[in-house]
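A.B. asks: Residue numbers (our numbering): 280 to 553.
Cβ coordinates follow ideal geometry from the N, Cα and C atoms, glycine included.
I am attaching a structure below and will ask some questions about it afterwards.
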Ligand SMILES: NC(=O)c1ccc[n+]([C@@H]2O[C@H](COP(=O)([O-])OP(=O)(O)OC[C@H]3O[C@@H](n4cnc5c(N)ncnc54)[C@H](OP(=O)(O)O)[C@@H]3O)[C@@H](O)[C@H]2O)c1
């Protein structure tokens, strides 16, 4: 089995989750080279991976098959200065950064072979579906091969790259939307149940609500959420009254939130281009 070398550039939360997910793939032989400005993060990740080494300086860039860019978009320009013109010709630059498109990444690195994904926090439990796009310099066969390396960490959804920033607020940040809703519901309940139910029980109630709803949705034969809602909603009932109000006001708030995320993606991309 050929050894695949993946250099992780930026060992933060998301890179860590994905590397640990990739490492579960028993059908490949991986070696990770780990770089992070504060080297303790690279050292701690190294202890959890089957085969890895820590890189302390980018002055001499180690040879790898895949250079996994795990820093934040705002940190990329500084990283790119260290990588520019140094990536081996056949290597792939693989970005998880929000907002930065393949052309910008390629220009900064002076490297044409770039893949881009938009993961989400579910990568931590190998449950995520990531948006995927690639530069045309990488053949479909190679794209499939790289996807197979990551298959134990996530699934991929190929979409035109221009859709990435539009969908990032919903998919990249999606879990935060779900948690936010539960946080609001918990806050209401807390106010009503102060002195009656303790914090631990309150958290348990809403975590079970989330987990149970997810299980019901996954096991449902319906492929849309409207049908699941219809099972709970009866005309002129309590759920009905709540949902009429949510549709009237909540939907607008949600659209606005997504638009703010899309606007922020544009700003981040302009800041990095400059
Ligand atoms: N978190 C999410 O749910 C999520 C979802 C979708 C996409 N993403 C994308 O994932 C990327 C990482 O996000 P994160 O949440 O994992 O952030 P994070 O935990 O802050 O990780 C960023 C890492 O990059 C390192 N770094 C900083 N400057 C660097 C440089 N010049 N070269 C190499 N590494 C550098 C940081 O090291 P120091 O700590 O030493 O500064 C840190 O370990 C972002 O681009 C984000 O858009 C995240």
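Does the distance from the C-beta atom of residue 377 to that of residue 549 stay below 8 Å?
C.D. replies: For the purposes of this step, residue 377 is identified with residue 98 of the chain shown, where counting begins at 1. For the purposes of this step, residue 549 is identified with residue 270 of the chain shown, where counting begins at 1. Contact: no.
A.B. asks: I think residue 324 touches residue 350, with their Cβ atoms under 8 Å apart; what is that distance to the nearest whole Å?
C.D. replies: As a working mapping, residue 324 is identified with position 45 in the chain shown. As a working mapping, residue 350 is identified with position 71 in the chain shown. Contact flag wrong, Cβ pair sits at about 14 Å.
A.B. asks: Using a Cβ-based criterion (distance less than 7 Å to any ligand heavy atom), does residue 291 qualify as near ligand 1?
C.D. replies: The sequence position of residue 291 within the chain shown is 12, counting from 1. Checking every heavy atom of ligand 1 against the Cβ of residue 291, one is found closer than 7 Å.
A.B. asks: What are the residues that DSSP puts in a beta bridge with residue 346?
C.D. replies: Here residue 346 corresponds to residue number 67 of the chain shown, with the count starting at 1. Answer is 286, 372, bridged to residue 346.
A.B. asks: If you measure between the beta carbons of residue 440 and residue 380, is that distance less than 8 Å?
C.D. replies: Within the chain shown, the letter at position 161 stands for residue 440. Within the chain shown, the letter at position 101 stands for residue 380. Cβ distance < 8 Å, so residue 440 and residue 380 count as in contact.
A.B. asks: Count the other CB atoms, across all protein chains shown, that sit within 10 Å of the CB of residue 457; report buried if there are 16 or more and exposed otherwise.
C.D. replies: Along the chain shown, one-based indexing puts residue 457 at 178. Its Cβ having fewer than 16 others within 10 Å, residue 457 is exposed.
A.B. asks: Between residue 551 and ligand 1, is the CB less than 7 Å from at least one heavy atom?
C.D. replies: Locating residue 551 in the chain shown gives position 272, counting from the first residue. No; taking the cut-off as 7 Å, the Cβ of residue 551 has no heavy atom of ligand 1 nearer than that.
A.B. asks: Using a Cβ distance threshold of 8 Å, determine whether the stretch 325-336 contacts the stretch 308-316, with at least three qualifying pairs required.
C.D. replies: yes
A.B. asks: Is any heavy atom of ligand 1 found at a distance shorter than 7 Å from the C-beta of residue 328?
C.D. replies: In the chain shown, the residue the question calls residue 328 occupies position 49. For ligand 1, not one heavy atom lies less than 7 Å from the Cβ of residue 328.
A.B. asks: Considering only DSSP beta bridges, list what residue 434 is partnered with.
C.D. replies: Start at 1 with the first residue of the chain shown, and residue 434 comes out as number 155. Paired residue(s): 408.
A.B. asks: Where residue 367 and residue 341 are concerned, what is the direct C-alpha to C-alpha distance, given to the nearest angstrom?
C.D. replies: What you label residue 367 is simply residue 88 of the chain shown in a count that begins at 1. What you label residue 341 is simply residue 62 of the chain shown in a count that begins at 1. In this structure, the straight-line span from the alpha carbon of residue 367 to that of residue 341 is close to 10 Å.
A.B. asks: Might you give, ordered along the chain, the residues of its own chain that have their beta carbon closer than 6 Å to the beta carbon of residue 412, omitting 5 neighbours on each side?
C.D. replies: What you label residue 412 is simply residue 133 of the chain shown in a count that begins at 1. 395, 440, listed in sequence order.
A.B. asks: How about residue 414 and residue 392: do their beta carbons lie closer than 8 Å?
C.D. replies: On the chain shown, position 135 is the one that residue 414 refers to. On the chain shown, position 113 is the one that residue 392 refers to. The answer is yes: Cβ separation under 8 Å.
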